[in-house]
Amino acid sequence: MSLLADLHQQLAQSIERHGVPGAAVAVWCDGHLHETSAGVANAHTRVHTTPDTIFQIGSITKSFTATLALQLVEQGKLSLDAPIAAYLPQLQLAERDVPAAITIRHLLAHSSGIDGDLLTDTGRDADALARFVASLGSVRQLHPAGELLSYCNLGYNILGRVLEAVSGEVWDDLLRQRILTPLGLTRAVTSADAALRHRVAIGHVRGEGGEPQRVDSPFAPRSNGPSGMTMACTARELVIFGRAHLDGGCGPDGARILSQTSIATMRTLQTANAYSDKYRGWGLGWMLFDEAAQRMFGHDGGACGNCAFLRILPGARTIVALLVNHERGMGVYRDLFASRLATLAGIDPPVQLAMPARTPDGVELAPYAGSYRRHGQIIDLELDAQRRLAGRLHGEYVGASDVKLELAAFDAKRFVAAAAGTLVPVHFSGFDERGRPARLHVTDRVFIRHDPA
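Have a look at this one:
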């Protein structure tokens, strides 16, 4: 318990160190909830954060959407191994046979191969998700279903539409009726209109001089709700959701949202993560940090200048939820886990990346030069004047300014990239006889090499 005694001080010091406006943390351990907050919810208005402040949770929403899917599986309305074409026969992608080859399991485990980031705004009406999914005729598949891990927001939005089709309810209503209300999550919302009823944290990015700058668009389009671009809640409410998954599907007041069998299924490894040192792979809606998910599972989230982290540790019966209203919340996460929470839960602290001092013997950098692409993003790499591998990230979903990249190799497959003051692991795969990689993997996303004809 002494490890939690100065949690507030640790949080306050961390957000100051990283230039973050505000944060909130909730920890469930020893059968008790510990929660605190620090800083401000809005760098302009200077409204203070409290444990009741709601933050956007980003892709942690995927764990909620996956829970909804398993509920419908239990009711016999959905099959994990049925193709999405069975539920959405009108769905068209760029390759016409793809909807018949991708299953619900592929969507849940990020192995569908669909080019995964698309943020089309189809309005705020109840049919926003239906119209979004009807607009995907030009979306391609980057690799065959089941072949690789490729993080896919679009797959979860398609899944959300499947849930609507088989239930007759829109995703927002399903979420409220089947999870939020049974668990008593009264501050959890899925729209800016609903967020106005609460003390809400606004997302921030790094502005000129490093000062926090509020995002221009604090909420994303409704069409991207199931993948994690609209939901907000408190850290306490994330812990309550986590307790349902820790306690065999039952919430604190005994409300059952899933069977123990489904809870175990969600925590079973489906897609191995061969291209990241961060975690072992995906279950159904969960990041798994070890194959049996006995030590830790959870999810991260990022949306509209917010970062969120949920960690569930079955062996230690501990749950940690951290919410940060700045795009660079990872530093706060590392501080808390390295200084307090890793010790509390008996796990290793997050690994700190470092740039290799030199290129390993036998690694020739020239074959890596080229253009790697996915929807809305392009990574161009070349050898600079000093024969270092460098380049830029650009495209529709990058922003007004290109992001400069500098890569260094650990070995022939594993690199680290310095980008905008952050170190990011990068992997290459699919090498041809000339040593040229066909794919680049970064932030668990696949970029496909495109050489000039």
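This note's numbering applies: residue 1 is where the sequence shown begins, and numbers increase by one.
Even for Gly, the Cβ is constructed at its ideal location relative to N, Cα and C.
Being a predicted model, the structure only gives us computed values, none of them experimental.
Contact annotation: the stretch 232 to 249 touches the stretch 313 to 322, with at least three C-beta pairs closer than 8 Å. Non-local beta-carbon contacts of residue 387 in its own chain, meaning distances under 8 Å to residues more than five positions away in sequence, involve 365 in chain order. Secondary structure at residue 127: coil, using DSSP grouped into helix, strand and coil. Secondary structure of residue 8 (DSSP, three-state): helix. In terms of CA proximity to residue 434, 363 leads the group 345, 50 and 363. Runs of the alpha helix (DSSP H) spanning 4 or more residues and lying entirely within the stretch 234 to 265 occur at 235 to 246, in chain order.
The Cβ atoms of residue 102 and residue 145 lie closer than 8 Å to each other. The beta carbon of residue 374 is closer than 8 Å to those of 115, 116, 117, 142, 445, 446, 447 and 448 in its chain, skipping five residues each way along the sequence. In the structure shown, residue 22 adopts extended strand secondary structure according to DSSP, grouped into three states.
With respect to the 8 Å criterion, residue 236 and residue 26 are classified as neighbours on the basis of their beta carbons. Between residue 163 and residue 68 a beta carbon distance of about 6 Å is seen, short of the 8 Å cut, so the two are scored as contacting.
The alpha-carbon separation between residue 106 and residue 307 amounts to approximately 26 Å.
The beta carbon of residue 99 sits closer than 8 Å to those of 83, 84, 85, 88, 91, 92 and 93, all from its chain and outside the five residues before and after it, given in chain order. Closest option to residue 153, judged by alpha-carbon separation, among 76, 187, 303 and 253: 303.
Counting only unbroken stretches of 3 or more residues, the beta strand (DSSP E) elements lying wholly within the stretch 294 to 367 are 297 to 303, 306 to 313 and 318 to 324, in sequence order. Restricting attention to alpha helix (DSSP H) runs no shorter than 4 residues, the stretch 41 to 96 encloses them at 61 to 74, ordered along the chain. Residue 147 and residue 272 have their C-alpha atoms spaced approximately 10 Å apart.
In the DSSP annotation of this structure, the continuous segment of the alpha helix (DSSP H) that includes residue 156 starts and ends at 153 to 167. In summary, residue 56 is buried, with 16 or more beta-carbon neighbours lying within 10 Å of its beta-carbon over all protein chains present. Looking at the DSSP output, residue 212 bridges to 206. If you draw a 10 Å sphere on the C-beta of residue 187, you find 16 or more other C-beta atoms in it, and that means buried. Taking 8 Å as the cut-off, the beta carbon of residue 195 is found no closer than this to the beta carbon of residue 53.
Relative to the Cα of residue 221, the nearest Cα in the group 261, 131, 299 and 174 belongs to 131. When rounded, the separation of the alpha-carbon atoms in residue 43 and residue 33 is 28 Å. Between residue 8 and residue 38, the C-beta gap is smaller than 8 Å, which places the two residues in contact. Of 354, 262 and 59, the smallest CA-CA separation from residue 190 is found for 59. In the DSSP annotation of this structure, the continuous segment of the alpha helix (DSSP H) that includes residue 193 starts and ends at 192 to 195. Counting the other Cβ atoms within 10 Å of the Cβ of residue 35 gives 16 or more, which makes it buried.
Counting of Cβ neighbours within 10 angstroms places residue 267 among the buried residues, the total reaching 16 or more. Taking a C-beta distance under 8 Å as the contact criterion, residue 357 and residue 349 do not qualify as a contact pair. Between residue 330 and the set 96, 309 and 317, the nearest pair of CA atoms involves 309. Apart from sequence neighbours up to five positions away, the residues of its chain that approach residue 372 with a beta-carbon distance below 6 Å are 379, 440, 447 and 449, ordered along the chain. Going by DSSP, residue 173 is part of the alpha helix (DSSP H) stretching over 171 to 175. For residue 233, same chain residues with a beta-carbon under 8 Å away, outside a window of 5 residues either side, are 54, 55, 57, 185, 187, 188 and 189 in chain order. With respect to the C-alpha of residue 97, the residue from 209, 335, 137 and 157 having the closest C-alpha is 137.
Assignment of residue 416 by DSSP, reduced to helix, strand and coil, places it in the strand class.
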